[in-house]
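Numbering (numbering that gives the first Met the number 0), first residue to last: 0 to 75.
C-beta atoms are modelled at their ideal positions from N, C-alpha and C, and glycine is treated no differently.
Here the structure is a predicted model, which is why all the values come from computation and not from measurement.
In what follows, a structure is listed as structure tokens, so that the remarks can point back to it.
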Amino acid sequence: MSAAVDGELTLKEEQDFLLHLVECRECKEEFEDAKKTKMIIKERIVQFKAPQTLINSIMQLTIVSTREPEDTLLYE
Ligand SMILES: [Zn+2]
Numbered sequence: 000m001s002a003a004v005d006g007e008l009t010l011k012e013e014q015d016f017l018l019h020l021v022e023c024r025e026c027k028e029e030f031e032d033a034k035k036t037k038m039i040i041k042e043r044i045v046q047f048k049a050p051q052t053l054i055n056s057i058m059q060l061t062i063v064s065t066r067e068p069e070d071t072l073l074y075e
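Written as structure tokens, this is what we have:
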């Protein structure tokens with residue numbers, strides 16, 4: 000299901016899946032819900048990614064926090 004939402008299925012798998020959705024209301028509803036959730040998450044990621052300087056700061060923090068203490072001196 001999540002692979003289908005992410006668009007990671009092969010063409011054959013996607014066809015089978017979509018055919019199944021036509022027959023199976025339960026899966027169709029689940030798929031629609033999952034797609035909605037996915038879109039909300041995507042929108043949030045896009046908004047979050049907007050300021051590049053913020054990403055840079057976070058990256059910097061991540062790098063520093065995963066380094067050994069002596070290496071963090073290089074970033075000061
Ligand atoms: Zn089903």
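Closer than 8 Å, CB to CB, is residue i near chain B or not?
i: residue 17; result: In the structure shown, chain B does not exist; there is a single protein chain.
Does the beta-carbon distance from residue i to residue j come in below 8 Å?
i: residue 16; j: residue 33; result: no
Could you check whether the Cβ of residue i sits closer than 7 Å to any heavy atom belonging to ligand 1?
i: residue 25; result: yes
Between the options, which has its C-alpha nearest residue i's C-alpha?
i: residue 77; options: 22, 18, 11, 26; result: A query on residue 77 cannot be resolved here, the shown segment of the chain reaching from 0 to 75 and no further.
i: residue 5; options: 52, 11, 36; result: 36
If residue i and residue j are in contact, beta carbons under 8 Å, what's the gap, nearest whole angstrom?
i: residue 18; j: residue 30; result: Not really, about 13 Å apart at Cβ, beyond 8 Å.
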